[in-house]
Amino acid sequence: MRKAAAALITLSSLLVTITKAWTSPVLIKSSRSFTLSKLEAIKAELPDLLKEFDLTGGRPGAIVETEEELARKEEIQRELDDRGYPDWLEEYGESLEEVGAEYDIDDPEAIDSSTLGTWDIHDLNSEFDYEWKPENGKPDPNLIDVTKEDYIPANPVDEDGIEVGWTAMFGASNPIDTRTIVGTKDSFMVDEETKDDSLLTPLFDDDDAEISYNEDIRTFRKSLDIIETYVDPFLPENMQVPRHVAKWHGYPMPKAYPQKNYTNNRFTKEEHVTPFDDYDPHKARKLAVQYARAKNCEWLPAGVSEKEHKRIRAPYEACGTLVGTLRKGECDEEIVERIKPALKILGSCAELLSITDGTVFRFYYHGLMKNKFGMAAWTESLIRDCGAECTGVVFETGFRRRDPAYDGGDHWYGPY
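Take any residue in the sequence shown, note its place counting from 1, add 5, and you have its number in the numbering used here.
Here it is, written out as structure tokens:
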């Protein structure tokens, strides 16, 4: 019951604090005579880590309450106490004191939150034993030392030479890899590097011959090239998991890709790189578009594009075909005279090159590339409207693949 009233008091005081904080940027207890210079000195003494965080938790106004706010809080508390509590409040659940009474024991050895200390932003710099930060200058703990242990030289492969458990979708999945330790390992209680003789009860006397016999057996057992494994019930059935592996400490999560020079490529040498930084914006953009849209750019050696075009055209040039070139062929004068109305409509947009078998018409197209197929279909309809038989119309454009005149006003033509 009293907790509910206390919650109302806290809420009211919080509203008063927020209202006053919006009207006054800095609030300090009037009982202490702080000056602006002293405040600046206190801020200067704060460590850099504290300056990066908002100690107010995003609340507006000052952290310290003024005497006016404290007096107002006491006044609200007295007013609530004078009013008394309604009868229905006694039946409204249980108080926090009653709920926590069964856990309130006077145990002197009990650990409470104050004993564990108070968490602050400095704890963000704490590290666990398995964490590794390269900026601390420590060596990489993930590197295995082959001089101390014997490891598998390579991941196991099947009869086809493919790594066991490897799939194209999920990659490697076999727990036995190059970090698996070959041979057996002693318990840390008897291992030479970790054992403590003061904690062990001697089983034999110092001059007992059994000690040397046991050492020989232990040495022989370590020399066996076996891998101790076990089956994890949470993994796929019959999957062998190695018992002794090199500890993996992990690497820090990369926050960004490593910085590289924008000229990083495998074709262009440093002395041949185009100096875009020395050009004005217009020239730099014009040259960049030229390189991006040409096959023979600085990503490829000079002459590769022309050589590739010649290789593709070689069979057609050897046979002397007309398709794919701008060479003129035979034209039946009677058919040309019949389709003159269509040629008049086309005008300078298309130039007749040849007529094959009297039904296939080749034109040299000078119009926009985006209208090429539409113009070819329309030309086929025009020819048929003139009374001539037409089974196909071919619009030749040579090596032209776009419209430079309508592409930023640049008339540069490259080796396509």
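For glycine and all other residues, C-beta sits at the position ideal for the given N, C-alpha and C.
Near Gly170, what residues of its chain come up, given a Cβ to Cβ distance below 6 Å and the 5 sequence neighbours on each side ignored? Your numbering for residue 170 matches position 165 in the sequence shown. Correct list, in chain order: Ser178 and Asn179.
Using the Cβ count rule (16 or more neighbours within 10 Å means buried), how would you classify Val309? Here residue 309 refers to the residue found at position 304 when the sequence shown is read from its first residue. Its Cβ having fewer than 16 others within 10 Å, Val309 is exposed.
Keeping to the same chain, check which residues put their C-beta closer than 8 Å to that of Lys234; ignore five residues upstream and five downstream. Taking the first residue of the sequence shown as 1, we reach residue 234 at position 229. Checking the sequence, you will find Thr at residue 234 rather than Lys. Same-chain partners within the cutoff: Ile181, Gln245, Val246, Pro247 and Arg248.
Using the three-state DSSP reduction, which class does Arg407 fall into: helix, strand or coil? Position 402 of the sequence shown, counted from the first residue, corresponds to residue 407. Residue state, collapsed to three classes: coil.
For a quick check, are the C-beta atoms of Ile360 and Asp337 less than 7 Å apart? Taking the sequence shown and counting its residues from 1, one reaches residue 360 at position 355. Taking the sequence shown and counting its residues from 1, one reaches residue 337 at position 332. For Ile360 and Asp337, yes; Cβs fall inside 7 Å.
On the criterion of 16 or more Cβ atoms from any shown chain inside 10 Å, does Cys324 qualify as buried, or is it exposed? For the purposes of this step, residue 324 is identified with residue 319 of the sequence shown, where counting begins at 1. Label assigned to Cys324: exposed.
C-alpha distance - Glu70 paired with Gln82, whole-angstrom precision: Taking the sequence shown and counting its residues from 1, the one referred to as residue 70 is at position 65. Taking the sequence shown and counting its residues from 1, the one referred to as residue 82 is at position 77. Computed Cα separation, rounded: 16 Å.
Beta-carbon spacing of His254, Trp124 below 7 Å: Numbered from 1 along the sequence shown, position 249 holds the residue referred to as residue 254. Numbered from 1 along the sequence shown, position 119 holds the residue referred to as residue 124. Going by C-beta atoms, His254 is not nearer than 7 Å to Trp124.
Ser359 (DSSP reduced to helix, strand or coil): For the purposes of this step, residue 359 is taken as the residue at position 354 of the sequence shown. Strand.
Helix, strand or coil: which one does DSSP assign to Gln82? For the purposes of this step, residue 82 is taken as the residue at position 77 of the sequence shown. Helix.
At the level of alpha carbons, what is the spacing between Glu215 and Lys252? Taking the sequence shown and counting its residues from 1, one reaches residue 215 at position 210. Taking the sequence shown and counting its residues from 1, one reaches residue 252 at position 247. Going from the Cα of Glu215 to the Cα of Lys252 covers about 34 Å.
Less than 7 Å separating the beta-carbons of Glu168 and Val162? On the sequence shown, position 163 is the one that residue 168 refers to. On the sequence shown, position 157 is the one that residue 162 refers to. Going by C-beta atoms, Glu168 is nearer than 7 Å to Val162.
Going by alpha carbons, who is nearest to Leu229 out of Tyr156, Tyr218 and Tyr262? Here residue 229 is taken as the residue at index 224 of the sequence shown, counted from 1. If we check each option's Cα against that of Leu229, Tyr156 comes out closest.
Here's a check: name, in chain order, each residue in its chain whose Cβ is nearer than 6 Å to the Cβ of Ile344, leaving out the five neighbours to either side. In the sequence shown, residue 344 corresponds to position 339, counting from 1. Once the five neighbours on either side are set aside, the close Cβ partners of Ile344 are Ile388, Cys391 and Ala393.
Over the uninterrupted beta strand (DSSP E) stretch that includes Pro247, give me the two end residues. Taking the first residue of the sequence shown as 1, we reach residue 247 at position 242. Unbroken beta strand (DSSP E) run through Pro247: Gln245 to Pro247.
Can you look up Tyr156 in the DSSP assignment and give me helix, strand or coil? In the sequence shown, residue 156 corresponds to position 151, counting from 1. Correct three-state label for Tyr156: strand.
Hey, how far is the Cα of Gly176 from the Cα of Val278? Position 171 of the sequence shown, counted from the start, is the residue given in the question as residue 176. Position 273 of the sequence shown, counted from the start, is the residue given in the question as residue 278. Spanning the two alpha carbons is a distance of roughly 38 Å.
By the three-class DSSP mapping on this structure, what secondary structure does Lys48 have? For the purposes of this step, residue 48 is taken as the residue at position 43 of the sequence shown. Because Lys48 carries a pLDDT of 46, less than 50, the predicted location of this residue cannot be relied on, and no value is offered for it.
Could you spell out where the beta strand (DSSP E) holding Arg332 opens and where it closes? As a position in the sequence shown, residue 332 is number 327, starting the count at 1. Looking at the DSSP string, Arg332 is not in any beta strand (DSSP E), and its letter there is neither H nor E.
Here's a check: name, in chain order, each residue in its chain whose Cβ is nearer than 6 Å to the Cβ of Asp408, leaving out the five neighbours to either side. Here residue 408 refers to the residue found at position 403 of the sequence shown. Excluding sequence neighbours, Asp408 sits near Leu373 and Met374.
Which residues in the same chain as Val195 place their Cβ atom closer than 6 Å to its Cβ, once the five residues preceding and following it in sequence are excluded? One-based indexing of the sequence shown puts residue 195 at position 190. Answer for Val195: no residue qualifies.
Use the C-beta contact count for Val328: other C-beta atoms within 10 angstroms, 16 or more gives buried, fewer gives exposed. The residue given as residue 328 occupies position 323 in the sequence shown. Exposed, by the Cβ-count rule.
Any idea which residues DSSP pairs Ile186 with across the strands? On the sequence shown, residue 186 is found 181 positions in, with the first residue counted as 1. DSSP lists Tyr156 as partners of Ile186.
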